[in-house]
Ligand SMILES: Cc1cc2nc3c(=O)[nH]c(=O)nc-3n(C[C@H](O)[C@H](O)[C@H](O)COP(=O)(O)OP(=O)(O)OC[C@H]3O[C@@H](n4cnc5c(N)ncnc54)[C@H](O)[C@@H]3O)c2cc1C
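Numbering (the working numbering), first residue to last: 496 to 1059.
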């Protein structure tokens, strides 16, 4: 069944590469213009790297796929220049509620630390997300987005990868210094490289029904029911999307016949049982999905880097698919950008797979646990699960055991060799390997809190140092000189001097003064005066120290670049 969103087909265009006498070499070729390939292409373009993106199709994703995008996805999209557009169209939510039978037993807040630029989540149809990313990419003349270009063969040597591409005009070859395989769960690149993605296929079927209803009393929250009266013995999930669209996921069990279940005459009574006969709605889309949790062993295959669903797949519970895919891009693109300039070590390139495999393991673990709880695989697991749900009605201790999907949060790159471990104690959940947390800041003497910017929106595309200062006297000539030296390193470090009060300072251009007027940055990072945080270009904390020392910062950066 097609929904009312009519994706405009993108034109196939023939490029000079197709008639060149010899394969033309490009710095980066991205296979797949799904959300992850598109995000990568925008990221390279922002960094000034020309990209070729090929896709075998000529439209954005059709139908109902990803809906929920987490705060980290939005923070990364902000860096890519698209956060505002996603927020404007998407449905913002922070609260999730869990019901057992007909009672609410539990609720959770996906933005426990308030006063950040972005909410815990937005809901947005995947086709809008892709359309916006296509339009963002079209702003860059250096990006070549080639529809109806299908990868059919790939090989590589020590200098380049060579791709054979099929088009309506026949096949052609191009070379790439680096290739990003973002061609989805059934990755052709993976198969052509004789690589595997291994894991667990779940024997479960879920029905997606997207309906349009304008009059209803549901708030913009995530609601999940275990064993509801309208769908006994199973579970149901409800999400609000833009355009008065609501996404309902019904657990059907493995024995359900997908073709029968997709028929409107079978779906509509299910929805009426849920909403009541009096609620008017239109059925927009339906499909039945099964899922698996799996990943490749290594996300790097010499010059080819796998990202998004091609590298790892999870069940939809937890919304960890596209959310983790964009984190792959955030992790990879700055490293490849350095490699293209001849400034990346092998260790730095290998760290992509090391760090993202760690993230994939965490995502797969969470997703598997959620799936096992939502659809217990045997009678004794179901008895245990229902006991937890019953207890959770009355007892707080049982509530954390209820698992209706642990929603996507970025994993901490703990014990990764590119991250400098703490040498002092910090009383905060933010730690080296975490993305930096957000908080409001002001930039000038005028403390106008209504138009305040946020910390993350000040950060740039390079390494950055957050240095906490309270007294102008601490800003000695020596400190200024050392910060200047940090900004002149092969990988420059831009300094942000953060103070609680506005200080009468005149600073050189390599230092930005941020006023932490609410004290939240200091509190969230447990930062005393003199404390420093070094952030990588992807806003991940590379290391921190209680007292500034130029050499300590240089060592942290060397470790982050794989040079230690
Ligand atoms: C029911 C459902 C619900 C989901 N809900 C969420 C959610 O709420 N939140 C979330 O984060 N994730 C969710 N996901 C997961 C999310 O949809 C995926 O993680 C995401 O689409 C992966 O993006 P991708 O770019 O890696 O791959 P894809 O979106 O699959 O894109 C791959 C692209 O590669 C192209 N391609 C394939 N082969 C070739 C070839 N040989 N040559 C050239 N191009 C090729 C394809 O045409 C396609 O455009 C959900 C998934 C499903 C199925």
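C-beta atoms are modelled at their ideal positions from N, C-alpha and C, and glycine is treated no differently. Values in this document were obtained by computation on a predicted structure and should not be read as measured data.
Go to residue i, then tell me how far its alpha helix (DSSP H) extends in each direction, as first and last residue.
i, result
"residue 537", "530 to 541"
"residue 913", "Segment: none, residue 913 is in no alpha helix (DSSP H) and carries neither H nor E."
"residue 874", "874 to 889"
"residue 591", "It is not in any alpha helix (DSSP H) - residue 591 instead sits in the beta strand (DSSP E) that spans 590 to 595."
"residue 764", "759 to 770"
"residue 583", "578 to 584"
"residue 1028", "Looking at the DSSP string, residue 1028 is not in any alpha helix (DSSP H); the run it does join, the beta strand (DSSP E), is 1027 to 1030."
"residue 686", "683 to 687"
Count the other C-beta atoms from every protein chain shown that fall within 10 angstroms of the C-beta of residue i, then say buried if there are 16 or more, exposed otherwise.
i, result
"residue 497", "Note that residue 497 scores a pLDDT of 44, beneath 50, so its modelled location is shaky and nothing firm can be said."
"residue 667", "buried"
"residue 809", "buried"
"residue 909", "exposed"
"residue 971", "exposed"
"residue 662", "buried"
"residue 621", "buried"
"residue 734", "buried"
"residue 935", "buried"
"residue 743", "buried"
"residue 740", "buried"
"residue 858", "buried"
"residue 730", "buried"
"residue 1059", "exposed"
"residue 785", "exposed"
Please state whether the Cβ-Cβ distance between residue i and residue j is less than 8 Å.
i, j, result
"residue 823", "residue 802", "yes"
"residue 1027", "residue 1039", "yes"
"residue 540", "residue 679", "no"
"residue 1096", "residue 704", "An answer regarding residue 1096 cannot be provided, because it is not within the stretch 496 to 1059 covered by the chain."
"residue 951", "residue 966", "no"
"residue 556", "residue 630", "no"
"residue 788", "residue 694", "yes"
"residue 864", "residue 832", "no"
"residue 894", "residue 601", "yes"
"residue 573", "residue 826", "no"
"residue 937", "residue 1012", "yes"
"residue 635", "residue 884", "no"
"residue 1002", "residue 1008", "yes"
"residue 818", "residue 623", "no"
"residue 737", "residue 830", "no"
"residue 525", "residue 677", "yes"
"residue 716", "residue 844", "no"
"residue 997", "residue 1010", "yes"
"residue 581", "residue 619", "yes"
Identify whether residue i lies in helix, strand or coil by the three-state DSSP scheme.
i, result
"residue 641", "strand"
"residue 730", "strand"
"residue 922", "coil"
"residue 908", "coil"
"residue 564", "strand"
"residue 821", "helix"
"residue 870", "coil"
"residue 972", "helix"
"residue 1049", "helix"
"residue 962", "strand"
"residue 854", "helix"
"residue 609", "coil"
"residue 830", "helix"
"residue 671", "strand"
"residue 569", "helix"
"residue 514", "helix"
"residue 719", "strand"
"residue 1043", "coil"
"residue 797", "coil"
"residue 804", "helix"
"residue 500", "coil"
"residue 949", "strand"
"residue 861", "helix"
"residue 704", "strand"
"residue 736", "strand"
Checking contacts by CB at 8 Å: is residue i closer than that to chain B?
i, result
"residue 667", "Considering every chain present, this structure includes no chain B. It has just one protein chain."
Under DSSP, the beta strand (DSSP E) around residue i begins and ends at which residues?
i, result
"residue 508", "Note, residue 508: premise wrong, no beta strand (DSSP E); not H, not E."
"residue 599", "598 to 604"
"residue 789", "787 to 791"
"residue 894", "Looking at the DSSP string, residue 894 is not in any beta strand (DSSP E), and its letter there is neither H nor E."
"residue 778", "777 to 784"
Can we count residue i as close to ligand 2, meaning its CB is less than 7 Å from some heavy atom?
i, result
"residue 861", "Absent from the structure shown: ligand 2. Ligands present: ligand 1."
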